[in-house]
Amino acid sequence: MNNRRSFIRKTFLTAGTLSIGSLFQKSIAADIVDAFKELNTLSPEIAAQNEELWARIQQAYTASNQIINLNNGGVSPQPKIVQDAANRYYTYANEAPSYYMWRILDQGREPLRNKLAALAGVNSEELAINRNTTEAINTVIFGLNLKAGDEVVLTKYDYPNMINAWKQREKRDGIVLKWLDFNIPMESDEEVIEKFKGAITPKTKVFHITHMINWTGHIMPAKALCALAKANGIYSIVDGAHTFAHLDFKISELGCDFFGTSLHKWLCAPFGTGLLYIRKERIKDIWPLLASPENQVDNIRKFENIGTRSFAIEQAIGSAIDFHNAIGAARKEARLKYLKQFWVDQVKGIDKVKFYTSTKPEHSGALFNFGIEGMDAGPVHNSLFSTHKIHTSPIKWEQVNGPRITPHVYTKKYDMERLVEAINVVASK
-4 MNNRRSFIRK TFLTAGTLSI GSLFQKSIAA DIVDAFKELN TLSPEIAAQN
46 EELWARIQQA YTASNQIINL NNGGVSPQPK IVQDAANRYY TYANEAPSYY
96 MWRILDQGRE PLRNKLAALA GVNSEELAIN RNTTEAINTV IFGLNLKAGD
146 EVVLTKYDYP NMINAWKQRE KRDGIVLKWL DFNIPMESDE EVIEKFKGAI
196 TPKTKVFHIT HMINWTGHIM PAKALCALAK ANGIYSIVDG AHTFAHLDFK
246 ISELGCDFFG TSLHKWLCAP FGTGLLYIRK ERIKDIWPLL ASPENQVDNI
296 RKFENIGTRS FAIEQAIGSA IDFHNAIGAA RKEARLKYLK QFWVDQVKGI
346 DKVKFYTSTK PEHSGALFNF GIEGMDAGPV HNSLFSTHKI HTSPIKWEQV
396 NGPRITPHVY TKKYDMERLV EAINVVASK
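What follows is the structure, encoded as structure tokens:
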């Protein structure tokens, strides 16, 4: 525990880390550090409910006071230390770009790879740093050797960029897409597993698994589905855009062949950062989207040959990892679920309010979708903003027709109380 407290203090008070000058700002930084230290003495369940500590940690963000942002599932704001790190590296690179970018900052990728791998619980030789989940998963979708007649099992609730990628392969290569549908809200892991199992034929080559459905926040039984795929000689691709640094797990625990995520969501890393995990023995099976040297056939770095990139935002990922670790994955998940459960419990009895997400705690994290009978998602979303300046994400997809609500660690319980108040107003109309 003492080592962890020392890590927190060094991380957030090291000279230059916060780029602060005034005594007032230094006082805020010290208060944030003290809040982290206190938080780490509490169990996740107790920590989740300590509003005083979270209010102090929220000072690490520069989030607007003019709106209540409950669309953190799209992209999350970065703590000040992450913003400062990106700005610092960017300024540094501009002193002599071709020298500092390629000869200095580029050398930081391997230490960063190791740091990300430790967070993900995987071997660093299995992890590539990229720009987002779409890039990561599309790399695998287009990189797999599939031929006409090969079957891919996916669902109608997967993310559009992945669906479109598979449809393109269907048109170009003649593969067969087998679509699974579900009743919403989804309430049973067994039902999901049985539907995937029922879709298997001798021609099945791939399971496409969305770890958390972006429309509703439903947590899919990814570990069980990956095990089912492995038992049948099927590739397992996991879209982890909404679970990494949101739920307390390691990629290695899923048993998947491939995993992609965006770091600018729940990790609060700079915009346009992500990672791709490929099981070591599978690297040789995947063609990179952009050509790589011939000697990189089984090297994870072949997926990073994208030419000039933003070294500044890439290196600032490290500060986001430090911030995440200072909170602790279990405490972060507990806080996010606590905020979700608070507002859901307050509105579940309101007339005309319906849920598109299961209320069972094992089936959702912070991300949750509700609707109001007789209203489309757009008008509900607009009403929430016009009455209480609450920003959400209106979802109208398949059976889902309502705003998606996604708080984050900087979200106050007060914000959720305003959401409950706004839903009451909109539903009463």
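So the sequence shown is numbered by the numbering used here: it starts at -4 and just counts up by one.
Backbone N, C-alpha and C fix where the C-beta goes; we use that ideal spot for every residue, glycine too.
Within a Cβ cutoff of 8 Å, which residues of the same chain sit near residue i, ignoring the five residues on either side of it in sequence?
{"i": "residue 51", "result": "26, 27, 29, 30"}
{"i": "residue 415", "result": "338, 341, 342"}
{"i": "residue 222", "result": "250"}
{"i": "residue 88", "result": "95, 96, 100, 306, 307"}
{"i": "residue 319", "result": "114, 240, 262, 263, 327"}
{"i": "residue 267", "result": "126, 127, 259, 305, 308"}
{"i": "residue 355", "result": "182"}
{"i": "residue 186", "result": "177"}
{"i": "residue 61", "result": "384"}
{"i": "residue 109", "result": "119"}
Quick check on residue i: buried or exposed, where buried means 16 or more other Cβ atoms within 10 Å of its Cβ?
{"i": "residue 98", "result": "exposed"}
{"i": "residue 327", "result": "buried"}
{"i": "residue 317", "result": "buried"}
{"i": "residue 301", "result": "exposed"}
{"i": "residue 57", "result": "exposed"}
{"i": "residue 21", "result": "exposed"}
{"i": "residue 379", "result": "buried"}
{"i": "residue 299", "result": "buried"}
{"i": "residue 174", "result": "exposed"}
{"i": "residue 176", "result": "exposed"}
{"i": "residue 362", "result": "buried"}
{"i": "residue 330", "result": "buried"}
{"i": "residue 420", "result": "exposed"}
{"i": "residue 152", "result": "buried"}
{"i": "residue 16", "result": "Note that residue 16 scores 46 on pLDDT, short of 50, meaning its location in the model is unreliable; the coordinates nonetheless yield the value given after this. Burial call: exposed."}
{"i": "residue 105", "result": "exposed"}
{"i": "residue 199", "result": "buried"}
{"i": "residue 235", "result": "buried"}
{"i": "residue 288", "result": "exposed"}
{"i": "residue 41", "result": "exposed"}
{"i": "residue 167", "result": "exposed"}
{"i": "residue 333", "result": "buried"}
Quickly, what does DSSP pair residue i with across the bridge? List them, please.
{"i": "residue 146", "result": "171, 199"}
{"i": "residue 395", "result": "392"}
{"i": "residue 204", "result": "233"}
{"i": "residue 365", "result": "350"}
{"i": "residue 94", "result": "Note: residue 94 sits in no beta bridge, so no partner."}
{"i": "residue 255", "result": "234, 271"}
{"i": "residue 359", "result": "213"}
{"i": "residue 322", "result": "Bridge partners of residue 322: none, in fact."}
{"i": "residue 42", "result": "In DSSP, residue 42 forms no bridge with anything."}
{"i": "residue 386", "result": "64"}
{"i": "residue 450", "result": "No information on residue 450 is available, as it lies outside the stretch -4 to 424 that the chain covers here."}
{"i": "residue 400", "result": "363"}
{"i": "residue 242", "result": "239"}
Tell me which same chain residues have a C-beta within less than 7 Å of the C-beta of residue i, skipping the five on either side of it?
{"i": "residue 422", "result": "345, 346, 347, 348, 367"}
{"i": "residue 23", "result": "54"}
{"i": "residue 371", "result": "391, 396"}
{"i": "residue 92", "result": "none"}
Output needed for residue i: all residues of its chain with C-beta closer than 6 Å, excluding positions within five of it in sequence on either side, in chain order.
{"i": "residue 138", "result": "281, 282"}
{"i": "residue 403", "result": "67, 71"}
{"i": "residue 101", "result": "none"}
{"i": "residue 383", "result": "413, 417"}
{"i": "residue 405", "result": "53, 56, 58"}
{"i": "residue 195", "result": "227"}
{"i": "residue 264", "result": "258, 312, 315"}
{"i": "residue 160", "result": "133, 136"}
Starting from the Cα of residue i, find the closest Cα among the options and give me that residue.
{"i": "residue 351", "options": "39, 254, 396", "result": "396"}
{"i": "residue 359", "options": "335, 203, 272", "result": "335"}
{"i": "residue 285", "options": "410, 303, 180, 268", "result": "303"}
{"i": "residue 399", "options": "248, 237, 273", "result": "237"}
{"i": "residue 411", "options": "65, 32, 314", "result": "65"}
{"i": "residue 364", "options": "324, 265, 208", "result": "208"}
{"i": "residue 227", "options": "191, 48, 112", "result": "191"}
{"i": "residue 293", "options": "261, 163, 123, 170", "result": "123"}
{"i": "residue 157", "options": "168, 145, 134, 140", "result": "134"}
{"i": "residue 169", "options": "278, 220, 143, 136", "result": "143"}
{"i": "residue 244", "options": "279, 202, 323", "result": "323"}
{"i": "residue 116", "options": "234, 205, 254", "result": "254"}
{"i": "residue 392", "options": "233, 155, 291, 163", "result": "155"}
{"i": "residue 86", "options": "310, 424, 409", "result": "310"}
{"i": "residue 145", "options": "193, 103, 232, 197", "result": "197"}
Check whether the Cβ of residue i lies closer than 8 Å to any heavy atom of the ligand HEM, and answer yes or no.
{"i": "residue 107", "result": "This structure simply doesn't include the ligand HEM, nor any ligand for that matter."}
The stretch 120 to 137 touching the stretch 261 to 275, judged by at least three CB pairs closer than 8 Å: Yes: at least three Cβ pairs fall under 8 Å.
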